[in-house]
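For the sequence shown, the numbering used here assigns the number 4 to the initial residue and increments by one for each residue that follows.
Glycine included, every Cβ here is placed at the ideal spot set by N, Cα and C.
Source: prediction; values computed, not measured.
Comments concern the structure below.
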Amino acid sequence: MTVTSPPYNIGKVYERRQKLAEYLAAYQEFARLIFAKTADTGSLCWQVGNYVEDGEVYPLDVYFYDIFKDAGFRLRNRIIWHYGHGLHSSQRLSARYQTILWFSKGDTYTFNLDPIRIPSKYPGKRAYKGENKGQPSGNPLGKNPSDFWPAVVRDWEASIWDVPNVKASHAERTGHPAQFPVEIAERCILALSNAGDLILDPFLGVGSTAIAAKLHQRRFTGFEIDAKYIAVAKERLALLDAGTLPLRPLGRSIYEPSPTDRVAQVPDEWLGNVDQRAAAAAD
4 MTVTSPPYNI GKVYERRQKL AEYLAAYQEF ARLIFAKTAD TGSLCWQVGN
54 YVEDGEVYPL DVYFYDIFKD AGFRLRNRII WHYGHGLHSS QRLSARYQTI
104 LWFSKGDTYT FNLDPIRIPS KYPGKRAYKG ENKGQPSGNP LGKNPSDFWP
154 AVVRDWEASI WDVPNVKASH AERTGHPAQF PVEIAERCIL ALSNAGDLIL
204 DPFLGVGSTA IAAKLHQRRF TGFEIDAKYI AVAKERLALL DAGTLPLRPL
254 GRSIYEPSPT DRVAQVPDEW LGNVDQRAAA AAD
């Protein structure tokens, strides 16, 4: 399978900004090549955000759907990856999610549901009719998660992929300006491949997909044009082998500040404005 996050054409240091049509055109032959090299039971996870020009937002997953569909892939899920922090916008709502397009090559594909099941809400529910009447109607391992994951209270327990992006104090931060969290790659790899399978990341960056593959006994290959990122990826893999690589554990609960934390409280300077807004809302 392929697990990757390509450049978004937004002017990061590792890309040359292009007109949207020119940027997308380069991926048409790329998509055909990936399709040809993917095993018949294989998948592609393509994680993208938005391209923005003159303040207008272009959702890249919408454009990439046509490209990969034309290449022969079949869309199985459009997964929402939510994160709580990022750049703040002043002329529109601040963006806090990106998407992962999961394509399979054909109608027969690897899909491992058991490793990603979530606890049933009503595990004691029983069938009320038919030959199984009176017997438990669910699966003892849990239920199938959805493609929209609200806050992850426990590992795999809800249905928005609420995974922090790699910013500020994130354990995996390396300095790459658009680093891919290992946890996102882990979830895709666990669900859509088997131990020993070959995982590709054609936009390797600092090696997050490689780390996820190695963590779960998959083989890996990838490509990266920037020598300094290759060096970081090799260093991270060496630290993984040594057992000293900083990683955010798969499924860790999202940090919520305590009401007693000073930075979670309204500054004294704002209290008058807050009281005025509350009074206006009451009216």
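Closest by CA to residue i, which one among the options?
i	options	result
glutamate 25	Ala234, Tyr66, Met4, Ala39	Tyr66
threonine 247	Asn197, Ile233, Ile214, Leu23	Ile214
serine 8	Phe183, Ala74, Gly145, Gly137	Phe183
glycine 109	Lys132, Leu47, Pro249, Leu96	Leu47
aspartate 117	Pro270, Thr212, Tyr68, Pro143	Pro143
isoleucine 70	Ile82, Leu104, His85	Leu104
Could you tell me if residue i is buried or exposed, where buried requires 16 or more neighbouring beta carbons within 10 angstroms of its beta carbon?
i	result
tyrosine 11	buried
threonine 111	exposed
lysine 22	exposed
histidine 179	In this predicted model, histidine 179 has a pLDDT of only 46, less than 50, meaning its place in the structure is not dependable; the value taken from the coordinates is given anyway. Buried, since its Cβ has 16 or more Cβ neighbours within 10 Å.
threonine 263	exposed
proline 1	The chain is shown only over 4 to 286; residue 1 falls outside these bounds and no answer can be derived.
glutamate 189	buried
alanine 29	exposed
alanine 230	exposed
glycine 2	Outside the displayed range of the chain (4 to 286) lies residue 2, so it cannot be described from this structure.
glycine 3	Lying outside 4 to 286, the shown extent of the chain, residue 3 is not represented and no answer is given.
Quick check on DSSP: helix, strand or coil for residue i?
i	result
lysine 170	Any reading at lysine 170 needs caution, since the residue's pLDDT is 46, under 50, leaving its predicted position unreliable; the model's value is listed next. In this structure, lysine 170 counts as coil in the three-state DSSP scheme.
lysine 146	strand
aspartate 229	coil
asparagine 12	coil
threonine 5	strand
glutamine 55	Correcting the residue type first, residue 55 is valine in the shown sequence and not glutamine. Looking at valine 55 - three-state DSSP - the assignment turns out to be strand.
serine 46	strand
Quick check: the segment 62-69 against the segment 35-53, are at least 3 beta-carbon pairs closer than 8 Å?
yes
Is the number of C-beta pairs between the segment 197-208 and the segment 96-106 that are closer than 8 Å three or more?
no
Touching or not, the segment 32-42 and the segment 77-86, by the rule of three or more beta carbon pairs under 8 Å?
No, the segment 32-42 is not in contact with the segment 77-86.
Count Cβ pairs between the segment 123-139 and the segment 208-226 that sit closer than 8 Å; are there 3 or more?
no
Completely contained beta strand (DSSP E) runs for the segment 64-140, where each covers 3 or more residues:
77-85, 100-107
Are three or more beta carbon pairs between the segment 32-39 and the segment 234-246 nearer than 8 Å?
no
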